[in-house]
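In the numbering used here, the protein residues as written are 1 to 126.
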(Lines of atoms letter the chains of each structure in order from A; the text may use other names.)
(Lines give C-alpha, C1' and ligand atoms only; values in the text may rest on other atoms or scores of the structure.)
Protein backbone atom coordinates (compact mmCIF):
# COMPACT_ATOMS: atom_id res chain seq x y z
CA UNK A 1 0.00 0.00 0.00
CA UNK A 2 2.76 2.45 0.89
CA UNK A 3 4.61 1.79 -2.34
CA UNK A 4 1.40 2.32 -4.30
CA UNK A 5 0.88 5.72 -2.71
CA UNK A 6 4.50 6.67 -3.23
CA UNK A 7 4.33 5.79 -6.91
CA UNK A 8 1.10 7.77 -7.27
CA UNK A 9 2.72 10.79 -5.65
CA UNK A 10 5.74 10.42 -7.89
CA UNK A 11 3.66 10.23 -11.05
CA UNK A 12 1.71 13.28 -9.99
CA UNK A 13 4.93 15.27 -9.57
CA UNK A 14 6.34 14.46 -13.02
CA UNK A 15 5.73 17.50 -15.17
CA UNK A 16 5.85 17.72 -18.93
CA UNK A 17 8.72 19.44 -20.68
CA UNK A 18 6.79 21.93 -22.81
CA UNK A 19 3.21 20.84 -23.40
CA UNK A 20 0.57 20.49 -20.73
CA UNK A 21 -1.74 18.26 -22.75
CA UNK A 22 -1.90 16.37 -26.04
CA UNK A 23 -3.55 19.19 -27.97
CA UNK A 24 -0.77 21.60 -27.08
CA UNK A 25 1.81 18.98 -28.09
CA UNK A 26 -0.05 18.49 -31.36
CA UNK A 27 0.07 22.23 -32.07
CA UNK A 28 3.81 22.25 -31.39
CA UNK A 29 4.34 19.36 -33.81
CA UNK A 30 2.25 21.06 -36.49
CA UNK A 31 4.16 24.32 -35.96
CA UNK A 32 7.49 22.55 -36.35
CA UNK A 33 6.25 20.76 -39.47
CA UNK A 34 5.11 24.04 -41.03
CA UNK A 35 8.40 25.76 -40.19
CA UNK A 36 10.42 22.94 -41.75
CA UNK A 37 8.08 22.79 -44.75
CA UNK A 38 8.50 26.52 -45.37
CA UNK A 39 12.27 26.41 -45.04
CA UNK A 40 12.90 23.56 -47.48
CA UNK A 41 13.26 25.72 -50.65
CA UNK A 42 15.70 28.08 -48.91
CA UNK A 43 17.64 25.14 -47.47
CA UNK A 44 18.06 23.47 -50.85
CA UNK A 45 19.13 26.74 -52.49
CA UNK A 46 21.53 27.90 -49.80
CA UNK A 47 23.22 24.55 -49.19
CA UNK A 48 23.47 23.62 -52.90
CA UNK A 49 21.82 20.26 -52.45
CA UNK A 50 21.24 19.41 -56.11
CA UNK A 51 20.26 15.78 -55.47
CA UNK A 52 16.80 16.79 -54.25
CA UNK A 53 14.10 19.02 -55.58
CA UNK A 54 11.53 20.66 -53.32
CA UNK A 55 8.94 17.93 -53.84
CA UNK A 56 11.21 15.03 -52.85
CA UNK A 57 12.58 16.96 -49.87
CA UNK A 58 9.06 17.63 -48.64
CA UNK A 59 8.18 13.96 -49.08
CA UNK A 60 11.24 13.03 -47.02
CA UNK A 61 10.12 15.50 -44.35
CA UNK A 62 6.67 13.93 -44.29
CA UNK A 63 8.21 10.46 -43.90
CA UNK A 64 10.27 11.68 -40.94
CA UNK A 65 7.15 13.00 -39.21
CA UNK A 66 5.05 9.96 -40.12
CA UNK A 67 7.70 7.67 -38.64
CA UNK A 68 6.89 9.10 -35.20
CA UNK A 69 3.11 9.28 -35.63
CA UNK A 70 2.61 6.36 -33.23
CA UNK A 71 4.11 8.23 -30.25
CA UNK A 72 1.46 9.17 -27.67
CA UNK A 73 3.53 10.12 -24.61
CA UNK A 74 3.57 13.90 -24.25
CA UNK A 75 7.11 14.01 -22.84
CA UNK A 76 8.46 11.96 -25.75
CA UNK A 77 6.61 14.19 -28.22
CA UNK A 78 8.13 17.26 -26.56
CA UNK A 79 11.62 15.76 -26.77
CA UNK A 80 11.12 14.98 -30.46
CA UNK A 81 9.92 18.55 -31.06
CA UNK A 82 12.96 19.94 -29.25
CA UNK A 83 15.28 17.76 -31.34
CA UNK A 84 13.45 18.83 -34.50
CA UNK A 85 13.76 22.50 -33.58
CA UNK A 86 17.46 21.98 -32.92
CA UNK A 87 17.94 20.32 -36.33
CA UNK A 88 16.04 23.14 -38.04
CA UNK A 89 18.16 25.76 -36.28
CA UNK A 90 21.33 23.97 -37.40
CA UNK A 91 20.15 24.17 -40.99
CA UNK A 92 18.96 27.79 -40.75
CA UNK A 93 22.18 29.01 -39.12
CA UNK A 94 24.32 27.03 -41.62
CA UNK A 95 25.89 24.95 -38.88
CA UNK A 96 24.88 21.82 -40.77
CA UNK A 97 26.89 21.09 -43.88
CA UNK A 98 25.26 19.66 -47.03
CA UNK A 99 26.56 16.20 -46.14
CA UNK A 100 24.85 16.44 -42.75
CA UNK A 101 21.60 17.42 -44.41
CA UNK A 102 21.78 14.56 -46.87
CA UNK A 103 22.74 11.90 -44.34
CA UNK A 104 20.70 12.91 -41.30
CA UNK A 105 17.75 14.96 -42.43
CA UNK A 106 16.85 13.90 -45.94
CA UNK A 107 18.11 10.31 -46.19
CA UNK A 108 18.13 8.70 -42.73
CA UNK A 109 17.19 5.30 -44.13
CA UNK A 110 20.17 5.24 -46.49
CA UNK A 111 22.74 4.00 -44.02
CA UNK A 112 25.99 2.34 -44.99
CA UNK A 113 25.62 -1.40 -45.52
CA UNK A 114 27.97 -3.57 -43.49
CA UNK A 115 29.98 -6.01 -45.54
CA UNK A 116 30.07 -9.67 -44.54
CA UNK A 117 33.55 -10.46 -45.78
CA UNK A 118 36.24 -12.02 -43.63
CA UNK A 119 37.96 -8.81 -42.49
CA UNK A 120 34.78 -7.04 -41.45
CA UNK A 121 33.73 -10.08 -39.40
CA UNK A 122 37.21 -10.23 -37.90
CA UNK A 123 37.16 -6.55 -36.88
CA UNK A 124 33.67 -6.90 -35.38
CA UNK A 125 34.82 -9.92 -33.38
CA UNK A 126 32.52 -12.52 -34.95
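Virtual Cβ for every residue (Gly too), placed ideally from N, Cα, C.
Within the segment 7-85, the complete alpha helix (DSSP H) segments at least 4 residues long are 22-46 and 54-66, listed from N- to C-terminus.
Annotation for residue 120: the continuous alpha helix (DSSP H) segment containing it runs 118-124.
Separation of residue 31 and residue 57 (C-alpha to C-alpha, rounded to the nearest whole angstrom) is 18 Å. Listed in chain order, the non-local C-beta contacts of residue 41 below 8 Å within the same chain comprise 54, local neighbours out to five positions each way being set aside.
Taking the Cβ atoms as the reference, residue 78 lies roughly 6 Å from residue 19, within the contact range of under 8 Å.
Each residue's CA atom was taken as its position, placing residue 45 and residue 71 some 33 Å apart.
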